[in-house]
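> If you scroll down you'll find the structure; I have some questions about it.
Number of protein chains: 2
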Amino acid sequence: MNPPLRIAIAGLGTVGVGVLKLLTEHAALLGQRCGREISVVAVSARDSARDRGIDLSGYRWVDRAIDLASDPEIDVIVELIGGADGVAKSLVEGSIGAGRSVVTANKALIAHHGSDLARAAEAAGVTLAFEAAVAGGIPILKAVRESLAGNRLTRVYGILNGTCNYILTTMQESGREFSDVLAEAQSLGYAEEDPSFDVDGIDAAHKLAILTSLAFGCTVNFDAVHVEGISDVSPIDIVFAEELGYRIKLLAIARETERGIEQRVHPCMVPLETPIAHVGGVFNAVVVEGDYVDRAVFEGRGAGAGPTASAVVADLVDIARGLKAPTFAVPAADLVHAVPAAMEYHQGPYYVRLQVVDRPGVMADIAAILRDESVSIESLLQRGRSPDEAVPVVLTMHNSEERSMNAALAKIDQLDTVLERPHLIRIEHL
Amino acid sequence: MNPPLRIAIAGLGTVGVGVLKLLTEHAALLGQRCGREISVVAVSARDSARDRGIDLSGYRWVDRAIDLASDPEIDVIVELIGGADGVAKSLVEGSIGAGRSVVTANKALIAHHGSDLARAAEAAGVTLAFEAAVAGGIPILKAVRESLAGNRLTRVYGILNGTCNYILTTMQESGREFSDVLAEAQSLGYAEEDPSFDVDGIDAAHKLAILTSLAFGCTVNFDAVHVEGISDVSPIDIVFAEELGYRIKLLAIARETERGIEQRVHPCMVPLETPIAHVGGVFNAVVVEGDYVDRAVFEGRGAGAGPTASAVVADLVDIARGLKAPTFAVPAADLVHAVPAAMEYHQGPYYVRLQVVDRPGVMADIAAILRDESVSIESLLQRGRSPDEAVPVVLTMHNSEERSMNAALAKIDQLDTVLERPHLIRIEHL
């Protein structure tokens, strides 16, 4: 048998503890599958006294995570500290610089510094792996990097944030308001105390930026992602969506277009007959479209100690077996700086909900504005009548350009008969 | 750049031609992704004169595929001839024996000889890869072998035959008979002239046997698969299934039980709310359950030139990149001869459809037989009344043992008032 792969785990939150449990419980199985032992030789976290429900006495405790980087007894650093900068970044850079491979679940770090870190790792001849950073237990990064390597990919999209999907699914099933369901999700531990990273779409955007780089061979460009969260989605939108044959999902979408690489995260209406419409609760799903494979769909748990540990250990197994492919599917030095496709030129169908005064002539004013901006109405729904009262009106538009849509909505917002800022949700025909 | 990976393709049907097209069209992309060129140096097929819609003049033509095995100019043999024995087997054995790696899409060959071939390949230090043999474009073998290697898997199941899924989906949507839809599928090219491999479940069983070995670390044991096809499924069963909240799918299921490894392929009623119930047409899907990842679902095209070529080339990319993991996830020499779990001890709920004479006392006789065999009735449906005429009666049973169910049905079949052989479909709560 080959010598053991000696690893250190930095960060002992639920995922770090999950990785330790997995490695202990399946030591024999992993030894057989890898042809060598995966041996934890050191651990590091902020508080050594905290009870984590696991016996840590067998591991060497290191107070300062950064000290692991230069430890000659360690082959691989497992970074589970989190954060785009600070200790996590120093540790990962230091480890690579000292010739150690790194496995991380840190999506913020890779979304912000992934290309540079990959270049450093490849130059040093070590591995930088982060399967756990995108879609938790779903092995989507290896699928894109290896299994679909024979394809020119055309589009990658999915549900990449379980918290948002849980909230939207619960709103749909219960008819309750966003804020109410969010509070419940927080009390159940499905949403953080500060939920903005999740509900504002940032977390999904981090993951999308990583996926985009792998799929299209470009440097990771988080700043180019157009991001909108789910806090404006209202129960009435969900009801209208169902009536129109759609379900509302927070999608992350990356596409190669004639205008460059489009990356966007926002609420979408997706047709009820697509698989992604039926991915409920905390589950994640990713769809990859390629010229030979056509469409491949991957679904599973996007978070949680078990699924994330499964992904971290998959990366460790690759290293233990000596498997090494380019971090982002092509050598990091070859990643191109792709032109981002500006959102204002995005084209697609739209759903718009207006709160208007129920009075003759209102629809004529709105229709005239849309016509002037070359936006073509596909359908109009007004449920109920209450003369001179406020009523919701829903319109769907044929394929239109984002900037025309925005210009029209700005004008519509100025009408005296329109009582609230217009709500726009993009329709995606997947 | 490293020297090219020199490959030969044996078998130029639609898949072989698809692989050639992909390698030609994406030569530059693959060169970048692999760090070396994948170069086709020879091809072989039965008929060199046949027009395949592709220019073959640039490739060395070899009349006898077997001659490729000993060709010193070839690194990898791509075997796309097919068949469990004959030329395909000789070529694969010969290539491995001569120190050449093999990529194949041949499920019959691997289902019957996979463990022996893997042992030979690992002893020779070469790769034997067959991602394309199971679920076409869905990268399920790599997912189980590598991405889920941190898990003890508990169950693997899926829709592994697109022809059967197309037929069942069309029957469900149109209400037409099996034989009618099969004939249409044949005329559309979705089913072979001799459809028995597909509709009798053999093809799905080949794929399941391979998946089982990877998932549970046992030798490939095709003979242990319990196989039933879809030809007995009738439109009336599909209607009753919908009424009971199920859809009928041909599932392939492997499970680790206390009685050994259970492998079975047969029509199943699956709850409408499960993802697999919504996999329609020629699509395939595989669900893998593991102790850490929980549940991962993979869906895509299970056949066709493009998706199959995508999987073949993925294996070639692994070889070109120097990635090598054990063929069946653990070293082939370690694969255990698992005890097959006998089907007679299988436990689960059942659906039974009877054609009976509508006469007082019939149900009492049937109920008494079920009681005597300890089979407990969950529901009974009789639609319409026609005294002394034949009517269908549908029963669903609580969890029961297969042998009790069979014994009861044998007795029920003997009743004068039962006019047709009872139809049994297993219910799967997934």
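Going down the list, the sequences are from chains A and B.
Position 1, counted from 1, in the first sequence is what my numbering calls 2; the numbers after and before it change by one each time, with no gaps.
Position 195, counted from 1, in the second sequence is what my numbering calls 196; the numbers after and before it change by one each time, with no gaps.
Glycine residues also receive a C-beta, built at the ideal position from the N, C-alpha and C atoms.
So that I know if they touch, is there some Cβ in chain B lying closer than 9 Å to that of A:F299?
For the purposes of this step, residue 299 of chain A is taken as the residue at position 298 of the first sequence. It does: the Cβ of A:F299 has a partner Cβ on chain B nearer than 9 Å.
> Could you tell me the alpha carbon to alpha carbon distance between B:M398 and B:V376, rounded to whole angstroms?
Along the second sequence, read from residue 1 onward, the residue named residue 398 of chain B stands at position 397. Along the second sequence, read from residue 1 onward, the residue named residue 376 of chain B stands at position 375. When rounded, the distance between both Cα atoms is 7 Å.
> Applying a beta-carbon distance threshold of less than 7 Å, which residues of chain A neighbour B:A29?
Residue numbering aside, residue 29 of chain B sits at position 28 when the second sequence is read from its first letter. Correct list: empty, because the minimum Cβ distance to chain A is about 11 Å.
> Quick one, which of B:I39, B:R37, B:A66, B:Q33 has its alpha-carbon nearest B:S49's?
Indexing the second sequence from 1 puts residue 49 of chain B at position 48. Answer by Cα proximity: B:A66.
> If you reduce the DSSP assignment to three classes, tell me which class B:A400 lands in.
The residue you call residue 400 of chain B lines up with position 399 of the second sequence. The sequence as given places Asn at residue 400 of chain B; Ala does not occur at that position. Residue state, collapsed to three classes: strand.
> Distance, Cα to Cα, A:P332 vs A:L129?
Locating residue 332 of chain A in the first sequence gives position 331, counting from the first residue. Locating residue 129 of chain A in the first sequence gives position 128, counting from the first residue. So the alpha carbons of these two residues sit roughly 12 Å apart.
> Please state the DSSP three-state secondary structure of B:L425.
Position 424 of the second sequence, counted from the first residue, corresponds to residue 425 of chain B. In the structure shown, B:L425 sits in a strand (DSSP, three-state: E or B).
> Note down, in chain order, every chain B residue with its Cβ under 7 Å from the Cβ of A:A439.
This structure leaves residue 439 of chain A out entirely; chain A is present only between 2 and 431.
> Using the beta-carbon count (16 or more within 10 Å), is B:Q173 buried or exposed?
Sequence index remark: in the second sequence, residue 173 of chain B carries index 172 (1-based). B:Q173 should be labelled buried.
> Give a yes or no on whether the C-beta atoms belonging to A:T171 and A:V182 are separated by under 9 Å.
Within the first sequence, residue 171 of chain A is the residue found at index 170, counting from 1. Within the first sequence, residue 182 of chain A is the residue found at index 181, counting from 1. Closer than 9 Å, so yes.
> Please give the ranges of any alpha helix (DSSP H) in the region 228-275 of chain B, keeping only runs that are unbroken, at least 4 residues long and fully inside the region.
Correct list: 236-245.
> Taking one C-beta from the region 95-113 of chain A and one from the region 34-47 of chain A each time, how about it: are there three or more such pairs within less than 8 Å?
With a cut-off of 8 Å, the region 34-47 of chain A and the region 95-113 of chain A do not count as touching, because too few Cβ pairs lie within range.
> Out of A:L420, A:Y60, A:G100, A:L161, state which residue places its alpha-carbon closest to the alpha-carbon of A:A288.
In the first sequence, residue 288 of chain A corresponds to position 287, counting from 1. Per the sequence presented here, residue 288 of chain A reads as Val, with Ala not at that position. Ranking the options by Cα distance to A:V288, first place goes to A:L161.
> Would you mind giving the Cβ-Cβ distance between A:A326 and A:E80, rounded to the nearest angstrom? I have them listed as a contact below 8 Å.
One-based indexing of the first sequence puts residue 326 of chain A at position 325. One-based indexing of the first sequence puts residue 80 of chain A at position 79. Going by Cβ atoms, the distance from A:A326 to A:E80 rounds to 20 Å, so no, they are not a contact pair.
> Tell me which residues of the region 153-179 of chain B have at least one Cβ-Cβ distance to chain A shorter than 7 Å, keeping chain order.
Here the close residues are R153.
> Establish whether the CB of A:K143 and some CB of chain B are separated by less than 9 Å.
Position 142 of the first sequence, counted from the first residue, corresponds to residue 143 of chain A. Judged by the 9 Å Cβ criterion, A:K143 is in contact with chain B.
> Output, in sequence order along the chain, the residues in the region 27-53 of chain B whose CB is closer than 9 Å to any CB in chain A.
Correct list: H27, L30, L31, Q33, R34, C35, G36.
> List, in chain order, every chain A residue whose beta-carbon is nearer than 7 Å to that of B:S148.
Within the second sequence, residue 148 of chain B is the residue found at index 147, counting from 1. P140, K143, A315, listed in chain order.
> Between A:E421 and chain B, is the shortest Cβ-Cβ distance under 9 Å, so that the two count as touching?
As a position in the first sequence, residue 421 of chain A is number 420, starting the count at 1. Cβ-Cβ to chain B under 9 Å: no for A:E421.
> Run the CB neighbour count on B:S214, radius 10 Å, all protein chains shown included, and call it buried at 16 or more, exposed below.
In the second sequence, the residue the question calls residue 214 of chain B occupies position 213. When all chains shown are included, B:S214 counts as buried.
> Suppose the cutoff is 7 Å on Cβ atoms and the five residues either side in sequence are ignored; what does the same chain contact list for A:V226 look like?
In the first sequence, counting from the first residue as 1, residue 226 of chain A sits at position 225. If we look at A:V226 and ignore the five residues flanking it on each side, its Cβ neighbours are A206, L209, A210, Q264, R265, V266.
> Quick one: list the residues of chain B neighbouring A:A310, beta-carbon separation under 8 Å, in chain order.
Reading the first sequence from its first residue, position 309 is the one you call residue 310 of chain A. Ordered by position in chain B, the residues that pass the 8 Å Cβ test against A:A310 are G151, Y293.
> The alpha helix (DSSP H) spanning B:V20 covers which residue range?
Taking the first residue of the second sequence as position 1, residue 20 of chain B is located at position 19. That run of the alpha helix (DSSP H) goes 15-26.
> Report the residue from A:D76, A:L154, A:G12 whose alpha carbon sits nearest the alpha carbon of A:G84.
For the purposes of this step, residue 84 of chain A is taken as the residue at position 83 of the first sequence. Cα-wise, what sits closest to A:G84 is A:G12.
> For A:S45, which three-state DSSP category applies?
Stepping through the first sequence from its first residue, residue 45 of chain A is reached at position 44. Correct three-state label for A:S45: strand.
> Which term fits B:V20, buried or exposed, when burial requires 16 or more other beta carbons within 10 angstroms of its beta carbon?
On the second sequence, position 19 is the one that residue 20 of chain B refers to. Its Cβ being crowded by 16 or more others within 10 Å, B:V20 is buried.
> Using the C-alpha atoms, what's the distance from A:K412 back to A:Q383?
On the first sequence, residue 383 of chain A is found 382 positions in, with the first residue counted as 1. On the first sequence, residue 412 of chain A is found 411 positions in, with the first residue counted as 1. Taking the straight line from one Cα to the other gives about 21 Å.
> Exposed or buried, A:L381, counting other C-beta atoms within 10 Å across all chains shown (16 or more means buried)?
To locate residue 381 of chain A, count along the first sequence from 1; it is residue 380. It is exposed - the Cβ of A:L381 has fewer than 16 other Cβ atoms within 10 Å.
> Take A:D86 as the anchor and find which of A:R51, A:L118, A:I378 has the nearest alpha-carbon.
Position 85 of the first sequence, counting from 1, holds the residue named residue 86 of chain A. Comparing Cα-Cα distances from A:D86 to each of A:R51, A:L118, A:I378, the minimum goes to A:L118.
> List the whole-angstrom C-beta distance separating B:P236 from B:G176, where the pair is believed to meet the contact cut-off of C-beta under 8 Å.
Residue numbering aside, residue 236 of chain B sits at position 235 when the second sequence is read from its first letter. Residue numbering aside, residue 176 of chain B sits at position 175 when the second sequence is read from its first letter. Sure, about 5 Å apart at Cβ, within 8 Å.
> Using the beta-carbon count (16 or more within 10 Å), is B:T328 buried or exposed?
What you label residue 328 of chain B is simply residue 327 of the second sequence in a count that begins at 1. Answer is buried; the Cβ neighbour count reaches 16.
> Strictly below 7 Å CB to CB, what residues from chain B border A:D335?
The residue given as residue 335 of chain A occupies position 334 in the first sequence. Going along chain B in sequence order, the residues near A:D335 (Cβ under 7 Å) are Q33.
> What is the DSSP secondary structure of A:V145, reduced to helix, strand or coil?
In the first sequence, residue 145 of chain A corresponds to position 144, counting from 1. The answer is helix: DSSP assigns A:V145 an H, G or I state.
> Can you name the residues of chain A whose CB is closer than 8 Å to the CB of B:V318?
As a first step, residue 318 of chain B is located in the second sequence; it is residue number 317 there, counting from the start. Chain A residues near B:V318: E147, A150, G151.
> Of the residues A:H27, A:D224, A:P5, A:D64, which one's Cα is nearest the Cα of A:A339?
Stepping through the first sequence from its first residue, residue 339 of chain A is reached at position 338. Among A:H27, A:D224, A:P5, A:D64, the Cα nearest to that of A:A339 is on A:D224.
> Using a Cβ-Cβ cut-off of 8 Å (strictly less than) and excluding sequence neighbours within five positions of B:P350, which residues of its own chain qualify?
Reading the second sequence from its first residue, position 349 is the one you call residue 350 of chain B. Closer than 8 Å at the Cβ level, and outside the excluded window around B:P350, lie E379, T397, M398, H399, N400, S401, R427, I428, H430.
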